[in-house]
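A.B. asks: These protein sequence lines are chains R and H, in that order.
So the first sequence is residues 0 to 485, counted in numbering that gives the first Met the number 0.
So the second sequence is residues 0 to 101, counted in numbering that gives the first Met the number 0.
There's a structure below that I have some questions on.
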Amino acid sequence: MKVQVVVGLEIHVQLSTQTKLFCGCPVRFAAPPNSLVCPVCLGLPGALPVLNKKAVDYAILAAMALNCQIASFTKWDRKGYYYPDLPKNYQISQYDLPLGKAGFIEVQGDDGGIKQVRIRRVHLEEDAGKNLHAGGAYSCVDLNRAGTPLLEIVTEPDITSAAQARALAVELQRIVRYLGVSEADMQKGHMRFEPNVNLRIETDGQAFRTPIVEIKNLNSFRALEASIRYEADRQVQEFLESGQVMTSGNKTTRGWDDVRQVTVLQRQKEEAEDYRYFPDPDLVPVVINTSWLDQIKALLPELPLRRQIRFVQQYGLSEYDAGVLTSDRSCADLFDKAVEAGGRPKRVCNLLTQVGLRVANERGCSVGDLGLSPVNLATLASMIEEGKVNATSGVRILEQMIATGQDPMTLARSMDLLQIADSSRLESIIDQVLSMQQKAVQEACSEGKKAQKAFNFLVGQVMQATKGQANPTVIAEMIRKRLGGA
Amino acid sequence: MDNLIDKALVRKVASLARLELSEQEVKEFTGQLCAILEYFHKINLLDTEGIEPLAHCLPITNRLREDQIQPGLDPGQALKNAPDRDGDLFKVPPILEEGLGP
Ligand SMILES: [Zn+2]
Chain R
0 MKVQVVVGLE IHVQLSTQTK LFCGCPVRFA APPNSLVCPV CLGLPGALPV LNKKAVDYAI
60 LAAMALNCQI ASFTKWDRKG YYYPDLPKNY QISQYDLPLG KAGFIEVQGD DGGIKQVRIR
120 RVHLEEDAGK NLHAGGAYSC VDLNRAGTPL LEIVTEPDIT SAAQARALAV ELQRIVRYLG
180 VSEADMQKGH MRFEPNVNLR IETDGQAFRT PIVEIKNLNS FRALEASIRY EADRQVQEFL
240 ESGQVMTSGN KTTRGWDDVR QVTVLQRQKE EAEDYRYFPD PDLVPVVINT SWLDQIKALL
300 PELPLRRQIR FVQQYGLSEY DAGVLTSDRS CADLFDKAVE AGGRPKRVCN LLTQVGLRVA
360 NERGCSVGDL GLSPVNLATL ASMIEEGKVN ATSGVRILEQ MIATGQDPMT LARSMDLLQI
420 ADSSRLESII DQVLSMQQKA VQEACSEGKK AQKAFNFLVG QVMQATKGQA NPTVIAEMIR
480 KRLGGA
Chain H
0 MDNLIDKALV RKVASLARLE LSEQEVKEFT GQLCAILEYF HKINLLDTEG IEPLAHCLPI
60 TNRLREDQIQ PGLDPGQALK NAPDRDGDLF KVPPILEEGL GP
């Protein structure tokens, strides 16, 4: 029996606008309950929604990055909804004319190559508020989140493993952060996933499809992967026991129990799919002309995966380093510019990954906010490369560059970290050390086991005498010549 | 024409809209909705060949606003007309079905 899991993903991404989709209330996490509301998002009679242009800009940019066709004409529809977290009793969404369609996302495949997953549609809609359950007698509602702009992204069922679904979700997170359209903070629920999962089973020369299961409201990459993996196993068992196959009417909905790590069948609501969409008369259509599209297109950056691959191919960085560098767009930008300014790629990369990203992380900002100039970064990389300062000093200098904004050469001098390049000065230090360490010199010249140890000891002594301001390789070479000549 | 709407359909629509109708109301609305649909049936007789569906009845597009915060209501004002509250939260009958989300 051959089993292949088939997954399509529905993903909600919260856009990082200042205000809600159809009103001027702030979008903010963890504010006091019902403090970010107005007549529009409370659904009070007579209130009229007005569309946030920034949300449309962000949605177009994201849809472009996902290689979608952008609609030149799009409109707003009401989707029936009967829970108190959206008090209008409908959700404003896009039904038959989504903002984007027929795109694809590129994801690194299990074999390291690029896999394309087709995107069916991308549209804008408003989020609901939050229902809080007091434990039976009643529920409570906080409408701060109601009306927050969401981007809904629906893929075709092109995903063929749980790991791939996770990789796609992670890549999407990286893309929307790159574009600056979402913080994509999982802890704040900025990304939510609903995979549709079934199996293609081949047995005895026959092919079967198991009934589709939709898993609702997953909000972590881990839950996404684990729930698909569980569901695939469960469907194999179910198929072996019942032989049930997919029909047009037997799709079911399951929830993910994070504690027990199982999916649980949710009560089937009759006509659950009957949302009775109809055009929202309160909102006029949106026409997206070429000049608007061109404005947005100019903002479209090289996407992180493409950039990662370029860093490997063009600069010979490892996959790992390229991945780390491209995780933060401003970091990758700084890297590109510093290399352009003459910094050797591997050196610049090490400085950024070992110091830049660490300090940015400590400060809770991006590497771009550290105020580093690409030229100074390139200069520091070259100073290390040329042996003017050693790698350890380079780290200290970079920390000071970030702290003070001074250039690396000034800092190297004032911090007394310049390596002694003057060979006559080094010669005299080596002379001194060798004359003081006669025993070690004898051992280093012997054929015995102790020779290497004694030699290293001498190098260490010289390093100490120079306060670390000399290149150990150079010192070793000079001592070797000296001992060989002695 | 009298089969456009029957009682079963009225009950279904009512349940989708979370409306509880008495038997008397079901009967009453069935008649009323039939009359309304009959009227729409007349519109349906028009030849609409080659006419694009209308997305909106106003000839206006792109009513957009800048992404700027506007003053809203404070929790006190927001909850002023609420039938019941728990602190600054709206208090509602318990929600049994969960995990639906929009
Ligand atoms: Zn509002």
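Think of the CB as a built atom: it goes at the ideal place given N, C-alpha and C, for glycine as much as any other residue.
Which residues does DSSP list as the beta-bridge partners of G99 of chain R?
C.D. replies: The partner list for G99 of chain R (beta bridge, DSSP) reads R:I69 and R:V121.
A.B. asks: Can you tell me whether DSSP reads S434 of chain R as helix, strand or coil?
C.D. replies: Looking at S434 of chain R - three-state DSSP - the assignment turns out to be helix.
A.B. asks: Out of curiosity, what's the CA-to-CA distance linking L417 of chain R and Q399 of chain R?
C.D. replies: Each residue's alpha carbon lies about 15 angstroms from the other.
A.B. asks: Taking Cβ-Cβ distances below 7 angstroms as the criterion, which residues of the stretch 82–107 of chain R are in contact with chain H?
C.D. replies: Those would be Y82, P83, L85 and Q90, in chain order.
A.B. asks: If you measure from the CB of V39 of chain R, is any heavy atom of ligand 1 nearer than 7 angstroms?
C.D. replies: Yes, ligand 1 has a heavy atom inside 7 angstroms of this Cβ.
A.B. asks: Quick one: using the 10 Å Cβ neighbour count with 16 as the cut-off for buried, is Q172 of chain R buried or exposed?
C.D. replies: The residue in question, Q172 of chain R, is buried, as its Cβ has 16 or more Cβ neighbours within 10 Å.
A.B. asks: Using only the heavy atoms of ligand 1, determine whether one of them is closer than 7 angstroms to the beta carbon of C67 of chain R.
C.D. replies: No, since every heavy atom of ligand 1 falls outside the 7 angstroms radius drawn around the Cβ of C67 of chain R.
A.B. asks: Among the residues of its own chain, which have a CB less than 6 angstroms from the CB of A475 of chain R, if the five just before and after it don't count?
C.D. replies: The answer, listed in chain order, is V458.
A.B. asks: Can you find the residues in the same chain that come closer than 6 angstroms, C-beta to C-beta, to D327 of chain R, ignoring five residues on each side of it along the sequence?
C.D. replies: Counting only Cβ-Cβ distances below 6 angstroms, and skipping sequence neighbours, we find S365 and V366.
A.B. asks: Please go through the same chain and pick out, in chain order, the residues whose beta-carbon is closer than 7 angstroms to the beta-carbon of V286 of chain R, but skip the five residues on each side of it.
C.D. replies: Within the same chain, V286 of chain R has close Cβ partners S71 and F72.
A.B. asks: So is G18 of chain R buried or exposed if we call it buried at 16+ other beta carbons inside 10 Å?
C.D. replies: What sits at residue 18 of chain R in the sequence shown is Thr, not Gly. T18 of chain R should be labelled buried.
A.B. asks: For P32 of chain R, which residues from the same chain have a beta carbon less than 6 angstroms from its beta carbon, with the 5 sequence-adjacent residues on both sides left out?
C.D. replies: So the list reads D141, once near-sequence residues are dropped.
A.B. asks: Could you give the distance in angstroms between the alpha-carbon of T251 of chain R and the alpha-carbon of K26 of chain H?
C.D. replies: Distance between the alpha carbons of T251 of chain R and K26 of chain H: 34 angstroms.
A.B. asks: Among R:V116, R:G79, R:Q3 and R:L47, which one has its Cα closest to the Cα of L15 of chain H?
C.D. replies: Here the closest residue by C-alpha is R:G79.
A.B. asks: Determine the direct distance from the alpha carbon of P156 of chain R to that of V2 of chain R, and round the result to whole angstroms.
C.D. replies: Each residue's alpha carbon lies about 16 angstroms from the other.
A.B. asks: May I ask which residues mark the beginning and end of the alpha helix (DSSP H) holding Q412 of chain R?
C.D. replies: According to the sequence as given, residue 412 of chain R is Arg; it is not Gln. Unbroken alpha helix (DSSP H) run through R412 of chain R: P407 to S413.
A.B. asks: Once the 5 residues before and after V169 of chain R are set aside, which same chain residues still bring their CB inside 8 angstroms of it?
C.D. replies: F220.
A.B. asks: What did DSSP end up calling Q463 of chain R once you bin it into helix, strand or coil?
C.D. replies: In this structure, Q463 of chain R counts as helix in the three-state DSSP scheme.
A.B. asks: Using the beta-carbon of each residue, which ones in chain H are nearer than 7 angstroms to Y137 of chain R?
C.D. replies: Residues of chain H passing the Cβ test: K90, V91, P92 and P93.
A.B. asks: Is the beta carbon of N195 of chain R less than 8 angstroms from the beta carbon of Q234 of chain R?
C.D. replies: No; because the gap between Cβ atoms is not below 8 angstroms, this pair is not in contact.
A.B. asks: Pick helix, strand or coil for E9 of chain R, following the three-state DSSP scheme.
C.D. replies: E9 of chain R: strand per DSSP, three-state reduction.
A.B. asks: DSSP on I50 of chain H, reduced to helix/strand/coil?
C.D. replies: Coil, per DSSP.
A.B. asks: What distance in whole Å lies between the Cβ atoms of A222 of chain R and D257 of chain R, which are believed to be in contact at a cut-off of 8 angstroms?
C.D. replies: Confirmed, Cβ separation roughly 6 angstroms.
A.B. asks: Show which residues of chain R have a CB atom less than 7 angstroms away from the CB atom of N43 of chain H.
C.D. replies: None at all; the shortest Cβ gap to chain R is about 17 angstroms.
A.B. asks: For W75 of chain R, report the span of its alpha helix (DSSP H) as first-last.
C.D. replies: Run containing W75 of chain R: none; DSSP gives neither H nor E here.
A.B. asks: Rounded to the nearest angstrom, what separates N389 of chain R and K452 of chain R at their Cα positions?
C.D. replies: Computed Cα separation, rounded: 23 angstroms.
A.B. asks: List the residues that DSSP assigns as beta-bridge partners of Q3 of chain R.
C.D. replies: Partner(s): R:R199.
A.B. asks: Identify which residue in R:F28, R:L60, R:V4 and R:A450 has its Cα closest to the Cα of E224 of chain R.
C.D. replies: Among R:F28, R:L60, R:V4 and R:A450, the Cα nearest to that of E224 of chain R is on R:V4.
A.B. asks: Does any CB atom of chain H fall closer than 8 angstroms to the CB of C37 of chain R?
C.D. replies: C37 of chain R counts as touching chain H.
A.B. asks: Using the C-alpha atoms, what's the distance from V153 of chain R back to G112 of chain R?
C.D. replies: When rounded, the distance between both Cα atoms is 23 angstroms.
A.B. asks: Ends of the alpha helix (DSSP H) at Q312 of chain R?
C.D. replies: Looking at the DSSP string, the run of the alpha helix (DSSP H) that includes Q312 of chain R is P303 to Y314.
A.B. asks: Please state if the CB of T352 of chain R and the CB of D332 of chain R are separated by a distance shorter than 8 angstroms.
C.D. replies: No, these two residues do not count as a Cβ contact at 8 angstroms.
A.B. asks: Where does F89 of chain H sit, in a helix, a strand or coil, going by DSSP?
C.D. replies: In this structure, F89 of chain H counts as strand in the three-state DSSP scheme.
A.B. asks: Would a C-beta distance cut-off of 8 angstroms place R77 of chain R and D406 of chain R closer than the cut-off?
C.D. replies: Against a cut-off of 8 angstroms, the Cβ pair of D406 of chain R and R77 of chain R comes out as no contact.
A.B. asks: Three-state secondary structure (DSSP) at A127 of chain R?
C.D. replies: Note: A127 of chain R maps to coil in three-state DSSP.
A.B. asks: Going by DSSP in three states, Y81 of chain R sits in which element: helix, strand or coil?
C.D. replies: In the structure shown, Y81 of chain R sits in coil (DSSP, three-state: anything other than H, G, I, E or B).
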